[in-house]
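Okay, so here's the structure we're looking at.
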Amino acid sequence: MHVRPVAFDHPDAAKLNDQVQLEYAERYGDEGDVTPLDASMFAPPRGLYLIAYDDRDSPVATGGWRSQDAAGGEGYEDGDAELKRMFVIREARGLGLARRILAALEADALAAGRTRMVLETGTAQPEAIALYLSSGYTPAPQKFGHYREYDSSRCFAKVLSRS
Numbered sequence: 001m002h003v004r005p006v007a008f009d010h011p012d013a014a015k016l017n018d019q020v021q022l023e024y025a026e027r028y029g030d031e032g033d034v035t036p037l038d039a040s041m042f043a044p045p046r047g048l049y050l051i052a053y054d055d056r057d058s059p060v061a062t063g064g065w066r067s068q069d070a071a072g073g074e075g076y077e078d079g080d081a082e083l084k085r086m087f088v089i090r091e092a093r094g095l096g097l098a099r100r101i102l103a104a105l106e107a108d109a110l111a112a113g114r115t116r117m118v119l120e121t122g123t124a125q126p127e128a129i130a131l132y133l134s135s136g137y138t139p140a141p142q143k144f145g146h147y148r149e150y151d152s153s154r155c156f157a158k159v160l161s162r163s
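See below:
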């Protein structure tokens, strides 16, 4: 497996985004995540989007971060990096890809001057919650993001540091 940066609107990113949206719809019984996103949000140095490819160069996992600050009015803090679209296709789960992408995104956000990684997930994604808790994330003191007022929403945060 190899991980490389791509644009959020790259065809492989669009393919994986379609798959994650189907999974969200299946898990939550709705149309998927409707958070407004565009490719410019993930452009360095204010973000990064990664895809993991298998040995046949097929895209199997994805994740990205985008800069957030308090001025947006959605509960973020200055210096936040928001994790988005963490996803591993079913056939590649259990190989440590999500953890590998998460670590790379955290390192990149820290190098870009971000001080805290934040994310929003939902109660229908217990595997994601377990990953984040085991990676040092804690429940955020204040909910943020597009789904912050939903009962099923869970927000987590991790201070980024060089240690």
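Heads up: the sequence shown begins at 1 in our numbering, then just goes up one per residue.
The beta carbon of each residue, even a glycine, is placed where N, CA and C say it ideally should be.
Quick caveat: nothing in here was measured; it's all calculated off a predicted structure.
Ranges of the beta strand (DSSP E) found wholly within the region 79-141, counting only runs of at least 3 | 80-88, 116-122
Using a threshold of 8 Å, state whether the C-beta atoms of V20 and R100 are closer than that.
-> no
Drop a sphere of 10 angstroms on the beta-carbon of A98, count the other beta-carbons inside from all chains shown, and report buried for 16 or more, exposed for fewer.
-> buried
Which word fits L13, buried or exposed, when buried means at least 16 other C-beta atoms lie within 10 angstroms of its C-beta?
-> This sequence places Ala at residue 13; Leu is not what is there. Its Cβ being crowded by 16 or more others within 10 Å, A13 is buried.
Opposing strand residues paired with S153 [DSSP bridges] | G122
For A81, the nearest candidate out of G63, N17, A7, S58 (CA to CA) = G63
Buried versus exposed, by CB contacts within 10 Å (16 or more), L119 = buried
For P11, which option in L102, L50, P141, T35 has the closest C-alpha, if you only look at C-alpha atoms?
-> L50
What is the rounded straight-line gap between the Cα of P45 and the Cα of P36?
-> 20 Å
Please confirm whether L109 and L160 have their CB atoms less than 8 Å apart.
-> According to the sequence provided, residue 109 is Ala. The question's Leu does not apply to it. Result yes, Cβ atoms of A109 and L160 sit closer than 8 Å.
What residue range is occupied by the uninterrupted alpha helix (DSSP H) comprising P11?
-> 11-28
Count the other C-beta atoms from every protein chain shown that fall within 10 angstroms of the C-beta of A61, then say buried if there are 16 or more, exposed otherwise.
-> buried
Bridge-paired residues (DSSP) for P36 | Answer is none; P36 lacks a bridge partner.
Member of Y150, G145, D151, E149 whose CA lies at the smallest distance from the CA of G72 = G145
Out of curiosity, what's the CA-to-CA distance linking R114 and Y76?
-> 12 Å
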